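Engineer: Protein chains in written order, with our numbering: chain Z, 21 to 278; chain D, 501 to 748. From the three backbone atoms N, C-alpha and C, an ideal C-beta is built for every residue, glycine too. Note that this is a predicted model, so its numbers are computed, not measured. Below you'll find the structure I mean.
Pasting the structure below:
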């Protein structure tokens, strides 16, 4: 579904991603873990072609189509959804108007009746207050409400690839459980959908079990494995990856995942 | 000055010349204000215990000098939308009664010179004002906002909030002067001023849901200009038609 080859990305002359590679197949769940400032969130934005970043070399393929440097809205319409770590607050634009416009931007616009049913169901599933979709997007929302609003959008837009950028930050235990249950239910209903989870902590991975875990340090993946790698990181931290990185040593085994 | 049963206040040349520039509002409800004169000088007295919604949509060049006196326990919303070449508004609001509440929402599309001078006086205790002025400049448009809020000594328990924003989509430079003159400790006051473009993170966020740039700006501009307006759907649609002349 998603394949990234030798991606090098800069912002303001600072190299963020360095020969970054990953492949995510249909129905797979991947988690990228890493310390602060290693380029995890940059990766999510670059996949969606945030023009503030410069792709110097490398390619991003989605369902075998080169989407590197395509327009953000065109990539989104192909079925990639980014649930943001810090969702924007947008004055005067309600979630309902926003999503209706997004769906009507599509080749197959949705009827108002169908839209209302769908959004009401999504709200109930996420245990959101009924007036929230009629308020300015994320304005005055708590951290947990903002994350639920992201997942509500996911459920309405029905993407093929879901990128969860630190979706667990700012969530209490109950909200985290609700958010993760909704993502898992979505994956049951959409068997081919894939997920890329970006997180610091294992906690989220207890709820959404990844098939593969990658450790990202200094702009590239240093190690890949299964869920046990997340357990190891929680126990031992990122020290052995960051230490080796200081002198650009090649001692760290890059486990190229296939 | 003419005030019919529909709560439609028409300010006409002849009446202004006669010096009859005093309007007394003693009934709650919606009032549409129609300016048919280019040099208006009007005083509104809003009596006690009322809930009043004033709406003004203006698409002509205008020079106004309007004063609102708000009395005890009255709740007043002023909604103003301007889309014209030349605007010179001088607005004075006196919160004269305890527990009076004022919300001012002004949406502006500027093509040339738009000047707004507001003076909000919290003349007694426990008065609240929320002033929101949102403007967009096009081509050679520019907006000047002077927003003065006053809380003198004795007006304790009062709350004063200002939100002034201008999105520049033209070639000229705008200016905002947000001033708070506070002489009382037990109050809450805040002001904000922003001149610039729409936030890039916001545009990326909206694009990332599949909206193209035209749809993004269409939603952002309509939301920005009408934020906080307390108007019915018919009036909202009238304003949206005006905005749609420029953005789909």
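Which bits of chain D does residue 111 of chain Z rub up against, with CB to CB less than 7 Å?
Structural biologist: 723, 724, 727
Engineer: Suppose contacts are defined by Cβ-Cβ distances below 8 Å. Is residue 590 of chain D in contact with residue 571 of chain D by that definition?
Structural biologist: no
Engineer: Using a 10 Å radius around the Cβ and a threshold of 16 neighbouring Cβ atoms, would you call residue 581 of chain D buried or exposed?
Structural biologist: buried
Engineer: Taking DSSP as the reference, what is the three-state secondary structure of residue 69 of chain Z?
Structural biologist: DSSP places residue 69 of chain Z in coil when its eight states are reduced to three.
Engineer: Please list the partners that residue 173 of chain Z has in chain D, where partner means a Cβ-to-Cβ separation under 8 Å.
Structural biologist: 709
Engineer: Going along chain D, which residues have a C-beta under 7 Å from residue 12 of chain Z?
Structural biologist: In the structure as shown, chain Z starts at 21 and stops at 278, and residue 12 of chain Z therefore has no counterpart that could be examined.
Engineer: Along the stretch 174-190 of chain Z, what residues have a CB closer than 7 Å to any CB found in chain D?
Structural biologist: 177
Engineer: Whose Cβ in chain D lies nearer than 7 Å to the Cβ of residue 146 of chain Z?
Structural biologist: What residue 146 of chain Z touches in chain D: nothing, since even the nearest Cβ is about 17 Å away.
Engineer: Distance cutoff 8 Å, beta carbons only. Does residue 243 of chain Z sit that close to anything in chain D?
Structural biologist: Not flagged as an interface residue toward chain D: residue 243 of chain Z, since no C-beta distance is shorter than 8 Å.
Engineer: Going by DSSP in three states, residue 639 of chain D sits in which element: helix, strand or coil?
Structural biologist: coil
Engineer: Identify which residue in Z:220, Z:104, Z:247 has its Cα closest to the Cα of residue 236 of chain Z.
Structural biologist: Z:220
Engineer: Kindly indicate if chain Z contains any beta-carbon less than 8 Å away from that of residue 705 of chain D.
Structural biologist: yes
Engineer: Should residue 179 of chain Z go down as buried or exposed, given a rule of 16 or more other Cβ atoms within 10 Å for buried?
Structural biologist: buried
Engineer: Could you name the residues of the same chain whose beta carbon sits closer than 6 Å to that of residue 600 of chain D, not counting the 5 residues immediately before and after it, in chain order?
Structural biologist: 570, 574, 627
Engineer: Does the beta-carbon of residue 726 of chain D, which I'm using as the reference point, lie nearer than 7 Å to any heavy atom of the ligand NAD?
Structural biologist: As presented, the structure is devoid of all ligands, the ligand NAD included, so that no description of it is given.
Engineer: My understanding is that residue 97 of chain Z touches residue 710 of chain D, with C-beta atoms under 8 Å, so please give their C-beta distance in whole angstroms.
Structural biologist: 4 Å
Engineer: So, does the stretch 681-695 of chain D touch the stretch 640-653 of chain D, judging by three or more C-beta pairs under 8 Å?
Structural biologist: yes
Engineer: In the stretch 590-652 of chain D, which residue ranges form an unbroken beta strand (DSSP E) of at least 3 residues, counting only runs that do not cross its ends?
Structural biologist: 601-622, 628-637, 642-651
Engineer: Counting only beta-carbon atoms, is residue 528 of chain D nearer than 8 Å to chain Z?
Structural biologist: no
Engineer: Just confirm the distance between the C-beta atoms of residue 724 of chain D and residue 666 of chain D, as a whole number of angstroms; I'd bet it's less than 8 Å.
Structural biologist: Not really, about 10 Å apart at Cβ, beyond 8 Å.
Engineer: Are the C-beta atoms of residue 595 of chain D and some chain Z residue less than 8 Å apart?
Structural biologist: Not an interface residue.
Engineer: Can you have a look at residue 129 of chain Z and say buried or exposed, based on whether 16 or more other CB atoms are within 10 angstroms of its CB?
Structural biologist: exposed
Engineer: Could you tell me whether the stretch 179-189 of chain Z touches the stretch 131-141 of chain Z, where touching means 3 or more Cβ pairs closer than 8 Å?
Structural biologist: no
Engineer: Going by CA-CA distance only, name the one from D:747, D:704, D:642 that's closest to residue 616 of chain D.
Structural biologist: D:642
Engineer: What separation, rounded to the nearest whole angstrom, lies between the Cα atoms of residue 278 of chain Z and residue 246 of chain Z?
Structural biologist: Low confidence applies to residue 278 of chain Z: its pLDDT is 28, below 50, so where it sits in the model is not reliable, and the reading given next is rough at best. Distance between the alpha carbons of residue 278 of chain Z and residue 246 of chain Z is about 12 Å.
Engineer: Have a look at the DSSP bridge pairing and note the partners of residue 194 of chain Z.
Structural biologist: Beta-bridge pairing links residue 194 of chain Z to no other residue.
Engineer: State the CB to CB distance for the pair residue 51 of chain Z and residue 241 of chain Z, rounded to an integer number of angstroms; the pair is presumed to be in contact (CB under 8 Å).
Structural biologist: Not really, about 11 Å apart at Cβ, beyond 8 Å.
Engineer: When the cut-off is 8 Å and only beta carbons count, does residue 92 of chain Z lie next to chain D?
Structural biologist: At least one chain D Cβ lies under 8 Å of residue 92 of chain Z.
Engineer: Would you grab the beta carbon distance between residue 630 of chain D and residue 731 of chain D for me? Rounded to a whole angstrom, and I think it's under 8 Å.
Structural biologist: Not really, about 16 Å apart at Cβ, beyond 8 Å.
Engineer: Could you give the distance in angstroms between the alpha-carbon of residue 475 of chain D and the alpha-carbon of residue 155 of chain Z?
Structural biologist: Nothing can be reported for residue 475 of chain D: it is not among the residues displayed for chain D, which extend from 501 to 748.
Engineer: Quick one: is residue 632 of chain D buried, meaning 16 or more other Cβ sit within 10 Å of its Cβ, or exposed?
Structural biologist: buried
Engineer: Using a C-beta to C-beta distance shorter than 7 Å, which residues of chain Z count as neighbours of residue 701 of chain D?
Structural biologist: 108
Engineer: For a test of the three-state rule: what should DSSP assign to residue 266 of chain Z, helix, strand or coil?
Structural biologist: Because the pLDDT of residue 266 of chain Z is 48, which lies under 50, any placement of that residue in the model is unreliable, and the question is left without a value.
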